[in-house]
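S.K.: Residue numbers (this note's numbering), protein chains in the order written: chain A, 1 to 435; chain B, 436 to 700.
The beta carbon of each residue, even a glycine, is placed where N, CA and C say it ideally should be.
Please find one structure pasted underneath; my questions will follow.
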């Protein structure tokens, strides 16, 4: 069909292999893209409304339920928001355990996304199931690593999903030292599997589409910022305190989306693995920087499809960094700490890097210490606007050079590359052709 | 249900929820390859692009918030032999049912602002997607054959259900409290160290995982049919909780079952 003046509509309804429900609608007339919208069709769940009246220490426990795949990030952002509101201190030990918990979940989430959700597109199959027969080694490795990451979260947080051992200020029940030593041993033993993941990912043929945008992430003076830091924009090179988040996200609503959209210094911005790797390359573990080199990921990278490879870089970072943190925990030992607090009024903002990008939570408590106001700005809702801008930018050259099926595939892959998590942001993609 | 099923066709569907229960099932990594030999997963939007017209077992996660989702659920019901409510949101509305305490317009206003709430009412383009009615568990709309409880579901209960259906027998989830799980694991009762717990009134089968993790039971698996709430209220009051705190505790995960207009399977 290339070269011909095609007229069709692509409706990608309830796009598969993404977390949540979304649809993409593209109409092409005489070979030109007339209209393109990214519709978020997930039902409203109203977390920010029904947290009203909830006492401070229950907030992280409830709002973790916003998302199954990044529950830890929601718990941690909530803890940080509540702690900022009430002026609560967090010990060095709790901070270290939180960073371990967060990195364990980033491992879970990135491994799931790269191997199970994104790779089938690159192998030309509709899901991971056919790969179990054609590439049994890859699937077995993926399952091994995913299982390990789940166990890692379980050891630190008590459960792989919606962990309960952690709460405001610290841990209700500290991780078992023997279990920590065991998971450290297993993580070290899995390093060849992580290397093999890099080698495998280096063989994926990433579509070549570039569009420079604003990259936004946390940045920390010493660490590769995943748990802590200030907000860094690649447009200004400046740091903005987390408490100024409303000035960053500037949320607005559009009729075709039940998620809110965001923009900062220009029409749209990007958060997530690629934004973080672009902004914080110098803070990555050396093994992760080597992985980036093997993957051909040079920063700044402006190809959104490369987000999948940035996730692989972060998988390597989290594996090596977690090993170092586990050594530190085992070295200093864990001591039981006081985690009580006095309820009261206050307002505070917390932010962490969720697997999909920057996540803000803000809370206000009344005099009785009950939640009066809650706000969560989810990474995917910050990305949606940027995804649509990417699609608008790439669609014309796709339409000119690809078949209808290829256009459909590349749009779906683009959406998946962002690893959208639409349950969080409120579900997402449909492509229907009109001839 | 007399005969064993040869490679049943299974579909996973999601309504409004966090999709964590589907992930909890993907978490069967150690036996995943054996499992996909025994069953045929024919539709699972979160993990695959394939779709199918009919299923033996449909697992539905999440609760129903809009008429359009109700229509999707009825369609799934018509295409499957057994419909399983997957997780707390599907079984009883979970934390999401807390939103039923306020009108949809007020919820919209609090999340999106007055201007957006107004637009939903006046701009037709917003209506189909944004029309929120009330958070409803699946059994309020269709017949549900089995309930896999919890937030998230317990993978052993999921495997029990699949194995029983494969063997042509009836899955069995006894109506007993979380306390039974707690005793089995030898956990100390949280009341002993001055905490309070909803384990006595909550469906067990979870292995008392939250008590094992240093927390307490908040009732995510739903209210037992034989639960005596008045007796439990007296127990909590005797443990030092005031009336408001008790109702707030029930209201966290069990608002649909303990509040007004409660609906129980």
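Of the residues that make up the region 484-518 of chain B, which ones have a beta carbon closer than 7 Å to any beta carbon in chain A?
M.R.: Correct list: 484, 485, 500, 501 and 504.
S.K.: Considering only the beta carbon of each residue, do residue 274/A and residue 306/A sit closer than 7 Å?
M.R.: Cβ atoms of residue 274/A and residue 306/A: closer than 7 Å.
S.K.: Output needed in chain order: residues of the region 525-557 of chain B with a Cβ under 9 Å from some Cβ in chain A.
M.R.: Against chain A - using a Cβ distance shorter than 9 Å - the residues of the region 525-557 of chain B are 529, 530, 531, 532, 533, 534, 535, 536, 537, 539, 541, 542, 543, 544, 545, 546, 547, 548, 550, 551 and 554.
S.K.: Between the region 89-103 of chain A and the region 370-381 of chain A, can you find at least three pairs of beta-carbon atoms closer than 8 Å?
M.R.: Cβ pair count under 8 Å is below three, so no.
S.K.: Can you pull the DSSP bridge partners for residue 682/B?
M.R.: Answer by DSSP bridge pairing: none, since residue 682/B is not bridged.
S.K.: Any chance you could list the alpha helix (DSSP H) runs of at least 4 consecutive residues sitting entirely within the region 510-552 of chain B, in chain order?
M.R.: Those alpha helix (DSSP H) runs which fall completely within the region 510-552 of chain B and span 4+ residues are 523-527 and 539-547.
S.K.: Where does residue 363/A sit, in a helix, a strand or coil, going by DSSP?
M.R.: If DSSP states are grouped into helix, strand and coil, residue 363/A belongs with the strands.
S.K.: Taking only beta-carbon atoms, is residue 67/A less than 7 Å away from chain B?
M.R.: So, interface residue.
S.K.: Using a Cβ-Cβ cut-off of 7 Å, state whether residue 624/B counts as contacting chain A.
M.R.: Judged by the 7 Å Cβ criterion, residue 624/B is not in contact with chain A.
S.K.: Which word fits residue 556/B, buried or exposed, when buried means at least 16 other C-beta atoms lie within 10 angstroms of its C-beta?
M.R.: Exposed: under 16 other Cβ atoms inside 10 Å.
S.K.: Once you ignore the five residues that flank residue 357/A on each side, which residues in its own chain have a CB closer than 6 Å to its CB?
M.R.: Excluding sequence neighbours, residue 357/A sits near 271, 272 and 379.
S.K.: Are any of the Cβ atoms in chain A nearer than 7 Å to that of residue 601/B?
M.R.: Chain A contact via Cβ: absent.
S.K.: How would you list, in chain order, the residues of chain B whose beta-carbon sits under 9 Å from the beta-carbon of residue 150/A?
M.R.: The answer, in chain order, is 462 and 464.
S.K.: Compare the beta carbon distance of residue 224/A and residue 280/A with 7 Å and say whether it is the shorter of the two.
M.R.: Yes; because the gap between Cβ atoms is below 7 Å, this pair is in contact.
S.K.: Count the other CB atoms, across all protein chains shown, that sit within 10 Å of the CB of residue 442/B; report buried if there are 16 or more and exposed otherwise.
M.R.: Exposed, by the Cβ-count rule.
S.K.: Just checking: is the beta-carbon of residue 470/B within a distance shorter than 7 Å of some beta-carbon in chain A?
M.R.: False, the Cβ-Cβ gap to chain A never drops below 7 Å.
S.K.: Provide the residue span of the beta strand (DSSP E) that contains residue 29/A, from first to last.
M.R.: Where residue 29/A is concerned, the enclosing beta strand (DSSP E) stretches over 22-29.
S.K.: Could you tell me which residues DSSP pairs with residue 231/A in its beta bridges?
M.R.: In DSSP, residue 231/A forms a bridge with 218/A and 240/A.
S.K.: To be precise: take each residue of the region 445-457 of chain B, compare its Cβ to all Cβ atoms of chain A, and keep it if any distance is under 9 Å. Which residues remain?
M.R.: Residues 449, 450, 451, 452, 453, 454, 455, 456 and 457.
S.K.: Less than 7 Å between C-beta atoms, sequence neighbours within five positions excluded: which residues of the same chain meet that for residue 323/A?
M.R.: The answer, listed in chain order, is 184, 187 and 188.
S.K.: Count the CB pairs spanning the region 130-150 of chain A and the region 164-178 of chain A that are closer than 8 Å, and state whether there are at least three.
M.R.: No, the region 130-150 of chain A is not in contact with the region 164-178 of chain A.
S.K.: Could you have a look at residue 60/A and say whether DSSP puts it in helix, strand or coil?
M.R.: Of the three classes helix, strand and coil, the one that applies to residue 60/A here is helix, per DSSP.
S.K.: Report the residues of the region 666-683 of chain B with a CB closer than 9 Å to any CB of chain A, ordered along the chain.
M.R.: Here the close residues are 680 and 683.
S.K.: Does chain B have any CB closer than 7 Å to the CB of residue 116/A?
M.R.: So, interface residue.
S.K.: With a threshold of 8 Å on Cβ separation, who are the neighbours of residue 297/A within its own chain once the five nearest residues in sequence on each side are excluded?
M.R.: Counting only Cβ-Cβ distances below 8 Å, and skipping sequence neighbours, we find 277, 306, 309, 310 and 313.
S.K.: Counting only beta-carbon separations shorter than 7 Å, does residue 463/A have a partner in chain B?
M.R.: Here chain A comprises residues numbered 1 to 435, so residue 463/A is not present and cannot be evaluated.
S.K.: Where does the unbroken alpha helix (DSSP H) through residue 245/A begin, and where does it stop?
M.R.: Segment 245-249, the alpha helix (DSSP H) holding residue 245/A.
S.K.: Enumerate, from N- to C-terminal direction, the unbroken beta strand (DSSP E) stretches of 3 or more residues contained entirely within the region 574-619 of chain B.
M.R.: Whole beta strand (DSSP E) segments, 3+ residues: 581-583.
S.K.: Are any of the Cβ atoms in chain B nearer than 7 Å to that of residue 209/A?
M.R.: Chain B, which has no Cβ nearer than 7 Å to the Cβ of residue 209/A, makes this no.
S.K.: Mapping DSSP to helix, strand and coil, what is residue 447/B?
M.R.: The answer is strand: DSSP assigns residue 447/B an E or B state.
S.K.: Can you find the residues in the same chain that come closer than 8 Å, C-beta to C-beta, to residue 101/A, ignoring five residues on each side of it along the sequence?
M.R.: Within the same chain, residue 101/A has close Cβ partners 72, 76, 153, 156, 157, 163 and 166.
S.K.: To test your reading of the DSSP string, which unbroken alpha helix (DSSP H) runs of 4 or more residues are found completely within the region 262-330 of chain A?
M.R.: Qualifying alpha helix (DSSP H) stretches, in chain order: 273-280 and 286-295.
S.K.: Quick check on residue 382/A: buried or exposed, where buried means 16 or more other Cβ atoms within 10 Å of its Cβ?
M.R.: Buried is the call here.
S.K.: Just the chain A side, please: which residues come within less than 8 Å of residue 644/B by C-beta, in chain order?
M.R.: The answer, in chain order, is 158, 159 and 164.
S.K.: Strictly by DSSP, which residues pair up with residue 166/A?
M.R.: Residue 166/A is bridged to 171/A.
S.K.: What does the alpha-carbon distance come out to for the pair residue 23/A and residue 180/A?
M.R.: Taking the straight line joining both Cα atoms gives about 43 Å.
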